[in-house]
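Quick notes on the structure that follows.
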Amino acid sequence: MVLLRTVMIVLAVLVTGTALAGEQAADDLVLANGGVRLQKPKGKACIRPTEWMRRNHMDLLIHKQAMTVREGARMRSESLLQCQSCHPNREAFCDRCHDYAGVEPNCFECHNYPE
46 MVLLRTVMIV LAVLVTGTAL AGEQAADDLV LANGGVRLQK PKGKACIRPT
96 EWMRRNHMDL LIHKQAMTVR EGARMRSESL LQCQSCHPNR EAFCDRCHDY
146 AGVEPNCFEC HNYPE
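Per our numbering, residue 46 is the first one in the sequence shown, and the count goes up by one each step.
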């Protein structure tokens with residue numbers, strides 16, 4: 046039983062590694078949330094600490110949306126475009142994490158992701 050479990054783990058690691066090898070170089074990926082591999086951000090520092098953003102980015106985006114739409118307050122340093130400049134590939138960053146977490150945000154029903 047232990048041997049079977051070990052073989053299954055090794056196969057899973059090999060399959061995952063092979064699938065990712067075709068997508069991006071390993072140094073381009075970061076491990077987040079205990080298992081999902083995401084594209085490494087392009088910028089030097091985020092507007093908030095990484096752990097905070099993992100837990101609270103949706104609340105931040107909703108708050109910024111309300112401030113922009115209702116009060117006309119725009120801050121370039123905390124805009125969605127600023128997020129996209131560090132995370133340019135939606136599929137390799139946003140979508141992978143959202144799929145892993147099992148959530149379906151509706152941000153991009155209205156907002157475009159630059160090509």
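All C-beta atoms, glycine included, are put in the ideal place defined by N, C-alpha and C.
For residue i, the residue or residues it bridges with in DSSP
i, result
"Arg119", "Answer by DSSP bridge pairing: none, since Arg119 is not bridged."
"Val75", "Leu83"
Best match in the options for proximity to residue i [C-alpha to C-alpha]
i, options, result
"Arg93", "His102, Asn157 and Lys85", "His102"
"Lys109", "Tyr158, Asn157 and Cys152", "Cys152"
"Asn157", "Gly147, Leu125 and Tyr145", "Leu125"
"Gln84", "Cys139, Val114, Glu123 and Thr113", "Cys139"
"Leu106", "Gln129, Ala146 and Tyr145", "Gln129"
Span of the beta strand (DSSP E), counted from its first residue to its last, around residue i
i, result
"Arg82", "Val81 to Gln84"
Collapsed DSSP secondary structure at residue i in the structure displayed
i, result
"Val148", "coil"
"Arg135", "coil"
"His156", "coil"
The alpha helix (DSSP H) enclosing residue i, as first and last residue numbers
i, result
"Cys246", "The shown model of the chain, from 46 to 160, leaves out residue 246, and the question about it has no answer."
"Cys131", "Leu125 to Cys131"
Whole-number beta carbon distance between residue j and residue i, since they are thought to touch under 8 Å
i, j, result
"His143", "Glu136", "Contact doesn't hold; Cβ gap of about 11 Å is too wide."
"Val81", "Arg141", "6 Å"
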